[in-house]
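Novice:
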Amino acid sequence: MTTTGEMHRAAGGPWWWERRRSAVLDVGLAVASAAECGVEGVGFARDAGVPAAVGVVFGVLAGAMLVLRRRWPIAVVLVGVAVTPARMGVLLSVVGLYTLAASEMPRRIIGALAGMSFVGTLIVSVVRAQQDMGHGNLVRVGDWFVPFVAITTSLGVTAPPLLLGLYVGARRRLMESLRERNDSLERELQLLAERAEERAEWARGEERTRIAREMHDVVAHRVSLMVVHAAALQAVARKDPEKAVKNAALVGDMGRQALTELREMLGVMRSGGGGREPGAAVPLAAVGVAAAAAASRAVDDEDGPCLGDLDELVGQSRAAGMVVELLVEGDMRSYVAAVEQTAYRVVQEALTNVHKHAAGAKTYVRLAHRVSEIAMQVENEPPPDADSASDVRLPSGGNGLVGMKERVAGLGGVFVCGPTDAGGYRVSAVLPAA
Numbered sequence: 001m002t003t004t005g006e007m008h009r010a011a012g013g014p015w016w017w018e019r020r021r022s023a024v025l026d027v028g029l030a031v032a033s034a035a036e037c038g039v040e041g042v043g044f045a046r047d048a049g050v051p052a053a054v055g056v057v058f059g060v061l062a063g064a065m066l067v068l069r070r071r072w073p074i075a076v077v078l079v080g081v082a083v084t085p086a087r088m089g090v091l092l093s094v095v096g097l098y099t100l101a102a103s104e105m106p107r108r109i110i111g112a113l114a115g116m117s118f119v120g121t122l123i124v125s126v127v128r129a130q131q132d133m134g135h136g137n138l139v140r141v142g143d144w145f146v147p148f149v150a151i152t153t154s155l156g157v158t159a160p161p162l163l164l165g166l167y168v169g170a171r172r173r174l175m176e177s178l179r180e181r182n183d184s185l186e187r188e189l190q191l192l193a194e195r196a197e198e199r200a201e202w203a204r205g206e207e208r209t210r211i212a213r214e215m216h217d218v219v220a221h222r223v224s225l226m227v228v229h230a231a232a233l234q235a236v237a238r239k240d241p242e243k244a245v246k247n248a249a250l251v252g253d254m255g256r257q258a259l260t261e262l263r264e265m266l267g268v269m270r271s272g273g274g275g276r277e278p279g280a281a282v283p284l285a286a287v288g289v290a291a292a293a294a295a296s297r298a299v300d301d302e303d304g305p306c307l308g309d310l311d312e313l314v315g316q317s318r319a320a321g322m323v324v325e326l327l328v329e330g331d332m333r334s335y336v337a338a339v340e341q342t343a344y345r346v347v348q349e350a351l352t353n354v355h356k357h358a359a360g361a362k363t364y365v366r367l368a369h370r371v372s373e374i375a376m377q378v379e380n381e382p383p384p385d386a387d388s389a390s391d392v393r394l395p396s397g398g399n400g401l402v403g404m405k406e407r408v409a410g411l412g413g414v415f416v417c418g419p420t421d422a423g424g425y426r427v428s429a430v431l432p433a434a
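Position 376 of the sequence shown, counting from 1, maps to 376 under UniProt numbering, and the rest follow consecutively.
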């Protein structure tokens with residue numbers, strides 16, 4: 001039973017019928033077949049020497065079997081074959097063969113029953129033709145006339161309903177197959193749409209993370225140094241005016257650099273929606289696409305920080321009062337922009353963490369150029385004063401180490417961090433050269 005059939009039956013089809021109109025059609029055919037067989041039963045009763053009422057009842061019962069054609073098509077065809085010698089049931093045989101051929105029965109069963117019906121009709125046609133010729137109802141043309149009439153009659157009764165039923169059954173199966181395929185395609189399209197929405201949501205989350213990480217890298221380090229210099233400025237403002245002026249100048253330079261980098265990043269993000277008139281409404285989806293593209297360009301921009309800027313980065317930390325040693329192993333060479341930016345950001349974030357959590361601690365920055373990879377390590381000793389970090393009062397969101405690990409893992413590298421045995425902290429990362 002197809003899904004459509006179940007729906008129709010649920011809608012009110014009686015017994016085994018899928019639709020009410022199917023039941024009406026079968027009952028109408030059964031009434032017509034019963035009337036035909038009942039009329040033909042009179043001649044059968046006369047030939048058999050039984051009362052006419054018996055022949056009529058027999059014919060009506062046999063013809064009424066057509067109401068079961070959808071439920072038991074084999075039984076209907078067998079009844080049609082059985083009543084063929086009684087010269088009744090033409091409508092019963094024709095409709096029964098059609099229903100059987102259009103059903104889901106195996107082809108060998110359909111062929112066997114169609115052959116039985118053909119043979120029965122052929123025998124009856126031969127006998128009837130010979131009897132008619134004996135009574136003078138037919139003029140004998142030749143020896144070929146009786147076989148010709150018998151074969152033609154048998155084929156006319158069995159072949160058309162059989163072929164039509166096979167065609168209708170094949171067409172019905174094809175339509176059901178196409179309907180099932182269409183339902184399957186609709187389910188697949190719905191599943192693909194859901195997966196596309198999930199991928200889009202995941203991509204939006206990834207881009208938000210990248211934007212937040214880049215903003216953190218750009219702003220956090222310089223603002224941390226500004227806070228350190230501001231604390232130093234407050235401490236020496238009255239004792240050493242010259243040093244206070246120098247620290248104030250450093251704070252101003254770092255603030256301007258932070259603002260410049262921030263403006264550049266925001267400008268790249270705004271340029272993602274170029275070509276739109278001022279004041280025009282911007283769809284939310286367009287904003288997401290523009291932000292994603294802008295973040296990708298901002299991260300992958302070859303004008304971003306590189307390993308050549310490490311000296312300046314270390315110099316800024318030294319100017320803030322940190323004792324930093326930079327050690328480089330191997331021959332200096334260039335890498336792809338993503339690798340150099342990631343290496344720079346790892347060192348930058350590690351130095352920022354030293355300013356936040358271990359102010360005044362001596363720090364070692366090591367960079368090793370190897371054959372197929374580049375390694376970096378930032379290690380600090382314990383701070384000389386355990387309360388020095390708390391005096392600066394630098395806020396920490398706890399996202400710096402997570403961001404470094406994500407950056408390194410995104411390039412297929414290895415990131416390790418943790419406290420040292422001496423009481424300090426070590427951040428190490430290894431990135432593939434390609």
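Beta carbons: idealized from backbone N, C-alpha and C, even for Gly.
All figures in this text were calculated on a predicted structure; none of them were measured in a lab.
Give the single residue among L91, R345, P51, E186 whose Cα lies nearest to the Cα of D26.
Specialist: L91
Novice: Determine, using beta-carbon pairs with one atom in the region 172 to 187 and one in the region 353 to 370, whether at least three such pairs fall under 8 Å.
Specialist: no
Novice: Assign S184 to buried or exposed, taking buried as 16 or more other Cβ atoms, counted over all protein chains shown, within 10 Å of its Cβ.
Specialist: exposed
Novice: Closest to P85 by C-alpha separation, out of G41, A64, E104, R108, would be which residue?
Specialist: Looking at G41, A64, E104, R108, the one whose alpha-carbon comes closest to that of P85 is G41.
Novice: Let me check understanding here. Comparing Cα to Cα, which of L225, E194, R21, E379 lies closest to V347?
Specialist: Per the Cα distances, E379.
Novice: Would K356 and S224 be called neighbours here (beta carbons separated by less than 8 Å)?
Specialist: yes
Novice: Is P283 buried or exposed, if buried means 16 or more other CB atoms sit within 10 Å of its CB?
Specialist: With a pLDDT of only 43 at P283, under the threshold of 50, the placement of this residue in the model should not be trusted; the figure read from the coordinates follows. By the 10 Å Cβ count, P283 comes out exposed.
Novice: Less than 6 Å between C-beta atoms, sequence neighbours within five positions excluded: which residues of the same chain meet that for V430?
Specialist: E373, A375, G413, V414
Novice: Identify the continuous beta strand (DSSP E) that holds S428 and give its terminal residues.
Specialist: Unbroken beta strand (DSSP E) run through S428: 425 to 432.
Novice: With DSSP collapsed to three states, give me the class of A291.
Specialist: Annotation note: pLDDT 43 at A291 (below 50); position unreliable, coordinate value reported separately. Helix.
Novice: So, at 6 Å on beta carbons, what are the nonlocal neighbours of residue 511 in its own chain, with the 5 sequence-adjacent residues on each side left out?
Specialist: One cannot answer for residue 511 here, as it falls past the ends of the chain, which runs 1 to 434.
Novice: Measure the CB-CB distance between V427 and A350 and report whether it falls below 8 Å.
Specialist: yes
Novice: How is the beta strand (DSSP E) around A375 delimited, first residue to last?
Specialist: In this chain, the beta strand (DSSP E) harbouring A375 covers 373 to 380.
Novice: Might you give, ordered along the chain, the residues of its own chain that have their beta carbon closer than 7 Å to the beta carbon of L113, omitting 5 neighbours on each side?
Specialist: I74, V77, L100
Novice: Do V149 and A102 have their beta-carbon atoms positioned less than 8 Å apart in this structure?
Specialist: no
Novice: Under a Cβ-count criterion, where at least 16 other Cβ atoms within 10 Å of its own Cβ denotes burial, should L327 be classed as buried or exposed?
Specialist: exposed
Novice: Return the bridge partner residues of residue 453 from the DSSP annotation.
Specialist: As displayed, the chain neither begins before 1 nor continues past 434, which places residue 453 out of reach and without an answer.
Novice: Kindly indicate which three-state DSSP category E18 falls into: helix, strand or coil?
Specialist: coil
Novice: Kindly indicate the opening and closing residues of the alpha helix (DSSP H) around R366.
Specialist: Counting along the chain, R366 falls outside any alpha helix (DSSP H), though it belongs to the beta strand (DSSP E) covering 363 to 369.
Novice: According to DSSP, simplified to helix, strand and coil, what is V324?
Specialist: strand
Novice: Could you tell me the distance, in whole angstroms, from the CA atom of G55 to the CA atom of F44?
Specialist: 6 Å
Novice: In three-state terms, what does DSSP make of E104?
Specialist: coil
Novice: Shorter than 7 Å, the distance from the beta carbon of P147 to the closest heavy atom of the ligand ADP, or not?
Specialist: This structure simply doesn't include the ligand ADP, nor any ligand for that matter.
Novice: According to the neighbour-count rule (16 or more other Cβ atoms, all chains shown, within 10 Å of its Cβ), is residue 442 buried or exposed?
Specialist: No answer is possible for residue 442: the residues shown for the chain start at 1 and end at 434.
Novice: V81: buried (16+ other C-beta within 10 angstroms of its C-beta) or exposed?
Specialist: buried
Novice: On the criterion of 16 or more Cβ atoms from any shown chain inside 10 Å, does P51 qualify as buried, or is it exposed?
Specialist: That one is exposed.
Novice: Nearest by alpha-carbon distance to A65: which of A53, R46, A48, V94 is it?
Specialist: Sequence inspection shows Met at residue 65; the Ala mentioned does not correspond to that position. When each option's Cα is compared against that of M65, the closest is V94.
Novice: Could you tell me whether the Cβ of L307 comes closer than 8 Å to any Cβ of chain D?
Specialist: Any reference to chain D falls outside this structure, which holds one protein chain only.
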